[in-house]
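Scroll down for the structure; my scribbles are underneath it.
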Amino acid sequence: METKNIMIVGVGGQGSLLASKLLGHLLLGQGYDVKVSEVHGMSQRGGSVVTYVRYGDKVASPVIDRGEADYIVSFELLEAARWMGYLKPGGQIVTSTQRIDPMPVITGAAQYPENLVEKMRAAGAKVDALDCLALAEQAGSSKATNIVLMGRLSHYFDLPEEAWQKSLEAMVPAKFLDLNRKAFELGKNA
Amino acid sequence: MKQLMLGNAAAARGLYEAGVAVVSSYPGTPSTEITEELAKFDEVYSEWAPNEKVAMEVAFGASLAGKRSFCGMKHVGLNVAADPLFTVSYTGVNGGMVIAVADDAGMHSSQNEQDSRHYARSAKLPMLEPSDSGEAYAFAKKAYEISEQFDCPVFLKMCTRVAHSQSIVEPHERVEAPAKPYEKNIAKYVMTPANAIRRHPHVEERMAKLAEFAETSELNRVEAGSDHGMGIITSSTSYQYVKEVCGDRFPVLKLGMVWPLPEKKIRAFAASVDKLIVVEELDSFIETYVRELGLAVTGKELFPLLGEFSQNLVAEKLGVPVHTGKALDENIPPRPPAMCAGCPHRGLFYTLSKNKCTVLGDIGCYTLGAAAPLNAIEMTLCMGASVSSIHGYNKALGAESEHKTVAVIGDSTFMHSGMTGLANIAYNQSNSTVIILDNSITGMTGHQQNPTTGYNIKGDPAGKIDLEALCRAMGFARVRVVDPYDLDACDKAVREELAADEPSVIISRRPCALLKYVKHSAPLRVSADECVGCKGCMKIGCPAISFQDGKARVDETLCVGCGVCAQLCRFGALQSTAKEG
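The listed protein sequences correspond, in order, to chains A and B. Positions 1 to 190 (my numbering) are the ones given, in order, by the first sequence. Positions 1001 to 1581 (my numbering) are the ones given, in order, by the second sequence.
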């Protein structure tokens, strides 16, 4: 199988590491070769962060380059727009509609662009946008945004439901499992 | 069982299985997790040392005693440890000794992108360079064999993409390494000139033997290709990019050992292809060696000296198809990292900015104090440089600068390299003001303990250095502690210590807001009735405060209720959401 590419983008501190761990566990369990590349250190402090997940028969590079992502999973709208150039022609963006102002917008040096979902669609990208923060809060915690997104992403994968559930069990602390199962369901059925 | 493992965790697993007994490191992105993972194994003694020089000397001591030892650091940490490094090369080892060094091409979290391979050549030591987690695991084990066989420490050279990428590893059981007895050997271990003169020939002989080893070792392998029009010599993550874009088309000489290099293997490979290309990030290291052999080679005339590579970059330079995507035609504002909501550094930097201080900075989260809107820090060089350079700055300018210049340094950075600079201020008497930003943790690298926190790497109680007593013992009469959440107190402390006609230390003390044990207050909320939209609260650059429809707005999911913004609001608009009573 040709290597498939999933990019997880967002703002440092939003929980993308758990999402990539979940995907890594899931895809390894399906017998694929898997590589996951993360960012640690300074850029985690509220900066734009990106995690690459790649899987297939044999994966060489740990990163995803421009025009290669089958999926871009985004925790924040501006970040989906920032990384859109990494989408493969025909690729799918799954994004939360959450808006977090970057420092240049806070200081007034820049504007947060309006109508980004419409603009991305007009530019030819397939965009699935949903309010993951509200769904996460409905599930019981704003911290479950990452699992809402994973639930939504599962929609696009031809994988058995129990495989996702097994990875969720393996990666989420037991006391938060019910909450995260609910978040996954809400994302999936949104 | 096969599992996905971070490159650093895989290196740790390999070291563990090879029987490492003593580990001493200083954290530094992207090397930190090697030591954090090793600390999880009960059979291994692990510690955070105050700096990399200490760590390397600890590891050497354990090796001298006959145990397998390890120290890990980032590329700039190796500069700090360079002093013992060059002479351990002469003494050699007893138990195997492995030094991990992690480079950061692209400077994800570093102040430069130096290429550590030069250290292997100049210190005359072997260097192994894995290209994924599987190799990080295998090479870590191999490094101990080489170390003991050739009587020298061995480098395990990581880079950000190998250190912080996960790929598949199949772990095994640990095999205890038999301890080697320590034997007194003054000629080998006491590097006086007379002894060192006699050790140097051993170093050169060893490198010749290691070069022979490199010729036959499976660490360096030729991968066949169908098209001999081009042959590629590469290593590390560059190898992965080459395989990604070329597959099995061109022959590849994949180097797992980047020093010393295998001359005969390289000559034979060059003779088998029409055109020889070297693909390597950062400096021309392999290429320079190949040129010294008199071979025709293409490298840095094609590939950049700067930053990280990627598959598209390698594809473009090699003339194979490049992927293209369609970016959004829109002005996307950048999102640089910023101090977190509730960061204790913010109040202090606001005070320094307000008082128009000249601030000489250091390495840590607080370097973000240089960013807009605070724009407070004017210089950052390396660990400890704030404290040393303020002395030079004040000696150069005298009273003109003494009453408006401060040095800022974090608690961990102060322990690493700040104390010697402080000793210089006390000894050579400049009227300098040093601010220790004590957030009770090593923040930037992800919360490691240090000698001021009272806990060791496993989180158990440990020795705790008293910063106030230390500064007083060095001869500072003016040492005071301030809470950076209290803007009035910060202002008073900074003004008074700058005005004083003697050197002083201010300790700005409050734990990092991200520490699990830190209890947060209820978030604040903007009362629309009181807010006049003056943006006074936005001068501190808090990511939780934005401006919408002419009023300030607090993101309650980010706000930790530190209350610094409320102290700036003259209208009482920022109010706690805590229920009264």
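For every residue, glycine included, the Cβ atom is placed at its ideal position computed from N, Cα and C. These figures come from a predicted structure and were not determined experimentally.
- Residues of the region 1356–1387 of chain B whose Cβ lies closer than 9 Å to any Cβ of chain A, in chain order: Cys1365, Thr1367, Leu1368, Ala1371, Ala1372, Pro1373.
- Assignment of beta-bridge partners to cysteine 1565 of chain B by DSSP yields no partner.
- Judged by DSSP in its simplified three-state form, threonine 1029 of chain B adopts coil rather than helix or strand.
- Glycine 1247 of chain B and glutamate 169 of chain A have their C-alpha atoms spaced approximately 37 Å apart.
- Listed along chain B, the residues sitting closer than 8 Å to leucine 87 of chain A by beta-carbon distance are Gly1325, Lys1326.
- Taken in chain order, the whole beta strand (DSSP E) runs of length 3 or more contained in the region 1511–1567 of chain B are 1524–1526, 1545–1548, 1551–1554.
- Judged by DSSP secondary structure, phenylalanine 1070 of chain B falls within the beta strand (DSSP E) whose first and last residues are 1069–1074.
- If only complete runs of 4 or more residues are kept, the region 1082–1156 of chain B shows the alpha helix (DSSP H) at 1082–1091, 1117–1123, 1133–1150, in order along the chain.
- Under the three-state reduction of DSSP, proline 1050 of chain B is assigned to coil, being neither helix nor strand.
- As computed with DSSP, serine 96 of chain A is found in a beta bridge with A:Leu130.
- Using a 10 angstroms sphere on the CB of asparagine 1394 of chain B, the tally of other CB atoms reaches 16 or more, which defines it as buried.
- Selection B:Leu1302, B:Leu1282, B:Val1278, B:Ser1527 evaluated against arginine 1291 of chain B yields B:Val1278 as nearest (Cα-Cα).
- The DSSP-derived three-state label of glycine 85 of chain A is helix.
- Residues Pro1126, Val1154 of the same chain have their beta carbon placed closer than 7 Å to that of isoleucine 1146 of chain B, with the five preceding and five following residues left out of the count.
- The region 3–18 of chain A makes contact with the region 63–72 of chain A; the number of CB pairs closer than 8 Å reaches 3 or more.
- Unbroken beta strand (DSSP E) stretches of 3 residues or longer found wholly inside the region 1218–1302 of chain B: 1220–1223, 1231–1235, 1252–1255, 1257–1259, 1276–1279, given in chain order.
- Restricted to the region 1455–1491 of chain B, the alpha helix (DSSP H) segments that are unbroken, complete and at least 4 residues in length are 1467–1473, listed in chain order.
- A distance below 9 Å separates the beta carbons of phenylalanine 1547 of chain B and isoleucine 106 of chain A.
- Taking 9 Å as the cut-off, the Cβ atoms of proline 1373 of chain B and proline 102 of chain A do not count as close.
- According to DSSP, valine 1022 of chain B shares a beta bridge with B:Tyr1045, B:Ser1069.
- For glycine 1410 of chain B, the secondary structure class from DSSP, reduced to helix, strand or coil, is strand.
- Counting the other CB atoms within 10 Å of its CB gives alanine 1522 of chain B a total below 16, which places it among the exposed residues.
- Within 8 Å of the CB of lysine 188 of chain A, no CB atom of chain B is found; the nearest one sits about 23 Å away.
- Under the criterion of beta carbons closer than 8 Å, alanine 1296 of chain B and cysteine 1542 of chain B do not qualify as touching, at roughly 58 Å.
- Closest by C-alpha distance to lysine 58 of chain A, out of A:Asp65, A:Val34, A:Gly47, A:Ile64, is A:Val34.
- Taking a 10 Å sphere around the C-beta of serine 1122 of chain B, we find fewer than 16 other C-beta atoms and assign the residue as exposed.
- Taking a Cβ-Cβ cut-off of 9 Å, leucine 17 of chain A has no neighbours in chain B, whose nearest Cβ is about 11 Å from it.
- Contact of leucine 78 of chain A with chain B by beta-carbon distance below 8 Å involves Ile1332, Pro1333, Arg1335.
- Beta bridge pairing from DSSP links leucine 1006 of chain B with B:Gln1166.
- In the three-state reduction of the DSSP assignment, leucine 1437 of chain B falls in the strand class.
- If you check the CB distance, isoleucine 1545 of chain B and cysteine 1562 of chain B do not come in under 9 Å.
- Burial state of glutamate 1135 of chain B is buried, judged by a 10 Å Cβ sphere holding 16 or more other Cβ atoms.
- For the 9 Å CB-CB criterion, serine 1440 of chain B and glutamate 1402 of chain B do not form a contact.
- Fewer than three beta-carbon pairs drawn from the region 1093–1110 of chain B and the region 1257–1267 of chain B are found closer than 8 Å, and the two stretches are therefore not classed as touching.
- In the structure shown, the three-state DSSP call for tyrosine 52 of chain A is strand.
- Using a C-beta cut-off of 8 Å, the region 1189–1198 of chain B makes no contact with the region 1101–1117 of chain B, since fewer than three inter-stretch Cβ pairs fall below that distance.
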